[in-house]
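Order-wise, the sequence lines are chains H and W. Heads up: the first sequence begins at 84 in the numbering used here, then just goes up one per residue. Heads up: the second sequence begins at 8 in the numbering used here, then just goes up one per residue. Beta carbons are placed, not taken as given, at the ideal position from N, Cα and C, and that holds for glycine. For reference, the structure is listed below as structure tokens.
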Amino acid sequence: MNRLLILIGKIVVGFLRLFKRNAGNLPGIILWHLTGGKACKMFKVDCPIIAVTGTNGKTSVTNCIAQLFEQSGKKIIINREGNNLDTGICSMLLKYCDGSGKVDADLLILETDESHVPVVYSQLKLETLVVLNFFRDQLDRNGEMETLIQKINGFCKTFTGNLILNGDDPNTARLGRANPENKNVKYFHAEPYAFATDTIYEASEGRFCPFCGEALVYDYYQYSHIGRFRCRKCGFGSEQPYITASGIDLDKPEFTADGHTYSPQLNSIYNIYNMTAVAAAAKLYGIEQKVTDNVINNYTVNNGRMENFMLGDRKATLNLAKNPVGANMTLRVMNEMKGEKELLFVLNDNIADGLDVSWIYDINFTIFERVTRVVTSGTRAYDIAVRIKCSGYDAANIVVRPDLDEAVEELAKTPGRKFVIANYTAVQPTRAALKRYSEKHGGEQK
Amino acid sequence: MIKILHMYGDMLDLYGDSGNMEILRYRCRMRDIDCTVDSYSLGGDMPDFSSYDLIYIGGGADLEQQHISADLLRCRDGIKAAYDNGTFLFLICGGYQLMGKYYRDADGNDIPGLGLFDYYTVAPSSRKMRCISNIAIRTSITGKPVDVVGFENHGGQTHDVKTPLGEVLFGNGNCSKSRYEGYMEKNVIATYMHGPCLSKNPELSDYMISYCLSRNGGSGELAPLDDTLEKQCRQVMLDRLLSK
Numbered sequence: 084m085n086r087l088l089i090l091i092g093k094i095v096v097g098f099l100r101l102f103k104r105n106a107g108n109l110p111g112i113i114l115w116h117l118t119g120g121k122a123c124k125m126f127k128v129d130c131p132i133i134a135v136t137g138t139n140g141k142t143s144v145t146n147c148i149a150q151l152f153e154q155s156g157k158k159i160i161i162n163r164e165g166n167n168l169d170t171g172i173c174s175m176l177l178k179y180c181d182g183s184g185k186v187d188a189d190l191l192i193l194e195t196d197e198s199h200v201p202v203v204y205s206q207l208k209l210e211t212l213v214v215l216n217f218f219r220d221q222l223d224r225n226g227e228m229e230t231l232i233q234k235i236n237g238f239c240k241t242f243t244g245n246l247i248l249n250g251d252d253p254n255t256a257r258l259g260r261a262n263p264e265n266k267n268v269k270y271f272h273a274e275p276y277a278f279a280t281d282t283i284y285e286a287s288e289g290r291f292c293p294f295c296g297e298a299l300v301y302d303y304y305q306y307s308h309i310g311r312f313r314c315r316k317c318g319f320g321s322e323q324p325y326i327t328a329s330g331i332d333l334d335k336p337e338f339t340a341d342g343h344t345y346s347p348q349l350n351s352i353y354n355i356y357n358m359t360a361v362a363a364a365a366k367l368y369g370i371e372q373k374v375t376d377n378v379i380n381n382y383t384v385n386n387g388r389m390e391n392f393m394l395g396d397r398k399a400t401l402n403l404a405k406n407p408v409g410a411n412m413t414l415r416v417m418n419e420m421k422g423e424k425e426l427l428f429v430l431n432d433n434i435a436d437g438l439d440v441s442w443i444y445d446i447n448f449t450i451f452e453r454v455t456r457v458v459t460s461g462t463r464a465y466d467i468a469v470r471i472k473c474s475g476y477d478a479a480n481i482v483v484r485p486d487l488d489e490a491v492e493e494l495a496k497t498p499g500r501k502f503v504i505a506n507y508t509a510v511q512p513t514r515a516a517l518k519r520y521s522e523k524h525g526g527e528q529k
Numbered sequence: 008m009i010k011i012l013h014m015y016g017d018m019l020d021l022y023g024d025s026g027n028m029e030i031l032r033y034r035c036r037m038r039d040i041d042c043t044v045d046s047y048s049l050g051g052d053m054p055d056f057s058s059y060d061l062i063y064i065g066g067g068a069d070l071e072q073q074h075i076s077a078d079l080l081r082c083r084d085g086i087k088a089a090y091d092n093g094t095f096l097f098l099i100c101g102g103y104q105l106m107g108k109y110y111r112d113a114d115g116n117d118i119p120g121l122g123l124f125d126y127y128t129v130a131p132s133s134r135k136m137r138c139i140s141n142i143a144i145r146t147s148i149t150g151k152p153v154d155v156v157g158f159e160n161h162g163g164q165t166h167d168v169k170t171p172l173g174e175v176l177f178g179n180g181n182c183s184k185s186r187y188e189g190y191m192e193k194n195v196i197a198t199y200m201h202g203p204c205l206s207k208n209p210e211l212s213d214y215m216i217s218y219c220l221s222r223n224g225g226s227g228e229l230a231p232l233d234d235t236l237e238k239q240c241r242q243v244m245l246d247r248l249l250s251k
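Here's what the structure looks like:
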């Protein structure tokens, strides 16, 4: 039976490849149905598995940890296309397994969606779980985040493997108390950077101690609810750090961890936290210092995170925005660029995006500067068009093209600098459409 | 000149509810109508409710609704007097529920409502049972039937609604799989529709703007705006929901 299921899955993968489509979740979804939701169980994985989860930064940290091992000469498997649901992980394993379902690698490094951690790792044995942060995003406007944390907390209650946790995020750090028997809990921290504040800056979660209900006190906030916190009543937040980033200087950019100074490529406090998580994993697995240096100092983002494409002679930068924070950041980068530019916004409302798209009303479009035209696309192309219009942008300069290829054609029609924002399920189809345009009209992915 | 009071916008802001204010302001601005939106939240100075043409309250999670309920009761007489005096009440989700008799939460605790209207709301004991869906309804509040769309996400089941806002074409409405959605009077729109509600339904915005203007002695007649995008947006959703 197992062999038959694997064969079916492999045929689907091959079929999709024939049509030059990214396999995505589809083969996994088919197997998920055939196995009654236990698709990951079909695989025989003997090597250790490291999983990375959290609201923001999963892809970066997963890639970096993968490089730590790759550059140490290990054979690793990683879900590079960001297929981080159980069905996506299953689709990916299908590509790498043999006919019996055996996966041959030294390590599996898997970006895993927060809500899928318990599902996937009740079926596959996990050695290390890295948890970066928990923020509200578009899926959570109704206390669903608490439900999500409870789910992962439930998993951690019986988990005895390594738990690498962001010690500056109360939502994440609380997982360290889920299983008092687990001696393998390790917290990473960051000392205040130049823009850390005494009071909270953005609306956020986690103002109260999850154990005793007391208001948490903060020495400083880095951003949102991330910062050095503790509970005066029960001592939550006073755990021993495993690794701490200090001397953070975003101008260079530079930071020090365990007495070693790193010079990363990206100058955001988010990235410092991500790279500290990577340094924690490197420390845990005894990675050679020169390899860790190489990975942390050279990591830049791609895969729909500020990724550049040439559409003929027109440069386009694509960025994923699955929540208002991400979208606002892209708009800021866009504004800081001199000269005129055009924006393509691709908005989908598939299940993984959250069926609701009202989070676009938390994006501040009034800051638009020198944006001469907006093209919108995706299953909710009109919604984003209306949203931008209501912010006061002239509707005459908005073009709606629900079909992605038509949208890219439209965008590339005029000369000048282009920006592309796509939400979660829109990113891969958008990348594919941009590449198709380049193949047809010249230009390349940069 | 239209004066709006937005209550608890910092706490009750689910699914883009604050966007409704941006849209009302936008539609006024496009017509050179002065429109001011004041904010009121927990423990603020008691506003002069009757001086406003429209009072707006959005939706929030159970916890937030508990937090504001005592404060809202403190405002009861002021809001009641304003409503009796013809101030428009625009209420989404939690705001809708709290104007009724009471809201019984999942644990069986009653949060008292202002009792302006006869309906009451009961949340199912399981927090997992929620009405979450795109929704389409047909309303006649503007005098002729118009199909409007939004997004609903509520646990509470609202009963005893005498004058619903509209008939459900797709989705749940006041109760799970119910026939009717929302509550209305001449000067009340109460609904579970987020999205934000006004983003794709310009007729509802204009009904309220027109009401407020005529209340102040104006003709209430509005210069037409180009709503092509809004209407196409709604049509795409209606086609998707109703062709199933």
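- In summary, the residues of the stretch 184-213 of chain W whose CB is separated from some CB of chain H by less than 8 Å are 201, 202, 203, 206 and 207, in the order they occur in the chain.
- Residue 97(W) sits in a strand when the DSSP states are folded into three classes.
- Within the same chain, and ignoring the five residues on either side of residue 401(H) in sequence, the residues whose Cβ sits closer than 6 Å to its Cβ are 387, 390 and 503.
- Among the residues of the stretch 410-444 of chain H, those with a Cβ less than 9 Å away from any Cβ of chain W are 432, 438, 439, 440, 441, 442, 443 and 444, in the order of the chain.
- Closer than 8 Å to the CB of residue 72(W) there is not a single CB belonging to chain H.
- A residue is called buried when at least 16 other Cβ atoms come within 10 angstroms of its Cβ; residue 416(H) does not meet this threshold and is exposed.
- For residue 141(W), the C-beta contacts it makes with chain H under 9 Å involve 432, 438 and 439, in order along the chain.
- Excluding five sequence positions before and after residue 18(W), the CB atoms of its chain that fall closer than 8 Å to its own CB belong to 48, 49, 67, 71, 74 and 75, given in chain order.
- Taking the beta carbon of residue 30(W) as reference, the chain H residues within 7 Å of it are 473, listed in sequence order.
- Relative to residue 328(H), the option among 275(H), 312(H), 314(H) and 169(H) whose CA is nearest is 275(H).
- With at least 16 other beta carbons inside 10 angstroms of its own, residue 203(W) counts as buried.
- Rounded to the nearest angstrom, the gap between the Cα atoms of residue 467(H) and residue 459(H) is 7 Å.
- In the DSSP assignment, residue 503(H) is bridged to 401(H) and 427(H).
- Cβ proximity to chain H below 7 Å picks out 158 and 160 from the stretch 145-161 of chain W.
- One finds 465, 466, 468 and 469 in chain H with Cβ atoms closer than 8 Å to the Cβ of residue 240(W), taken in chain order.
- By the Cβ rule, the stretch 115-124 of chain H counts as touching the stretch 201-217 of chain H, because three or more pairs are nearer than 8 Å.
- At least one CB atom of chain H sits nearer than 8 Å to the CB of residue 236(W).
- For residue 133(H), the uninterrupted beta strand (DSSP E) segment begins and ends at 132-136.
- At a cut-off of 8 Å between beta-carbon atoms, residue 107(W) makes no contact with chain H.
- In the DSSP assignment, residue 393(H) is bridged to 398(H).
- Apart from the 5 residues on each side of it in sequence, residue 89(H) sits with its Cβ closer than 8 Å to the Cβ of 125, 177, 180, 182, 183 and 184 in its chain, given in chain order.
- Between residue 160(H) and residue 148(H), the CB-CB gap reaches or exceeds 8 Å.
- Boundaries cannot be given for residue 280(H), as no beta strand (DSSP E) includes it and DSSP labels it neither H nor E.
- Secondary structure note for residue 39(W): it is in no beta strand (DSSP E), with a DSSP letter that is neither H nor E.
- The C-beta separation of residue 191(W) from residue 158(W) comes to about 19 Å, leaving the pair out of contact by the 8 Å criterion.
- Secondary structure at residue 407(H): helix, using DSSP grouped into helix, strand and coil.
- In the three-state reduction of the DSSP assignment, residue 461(H) falls in the coil class.
- Taking C-alpha positions only, residue 309(H) is separated from residue 135(H) by approximately 18 Å.
- Scanning chain H for C-beta atoms nearer than 9 Å to the C-beta of residue 33(W) yields 472, 473, 474 and 475, reported in chain order.
- Taking C-beta atoms as the reference points, residue 9(W) and residue 65(W) fail to come closer than 8 Å.
- When DSSP reads this structure, residue 193(H) sits in a beta bridge with 134(H).
- The beta carbon of residue 109(W) sits closer than 6 Å to the beta carbons of 117, 119, 120 and 127 from its chain, once the five residues preceding and following it are set aside; these are given in chain order.
- Following the DSSP letters along the chain, one finds residue 311(H) in no alpha helix (DSSP H) but inside the beta strand (DSSP E) bounded by residues 309-313.
- Per DSSP, residue 381(H) is one residue of the alpha helix (DSSP H) stretching across 372-381.
- One finds nothing in chain W with a Cβ atom closer than 8 Å to the Cβ of residue 404(H); even the nearest lies about 16 Å away.
- Using a Cβ distance threshold of 8 Å, residue 326(H) and residue 363(H) count as a contacting pair.
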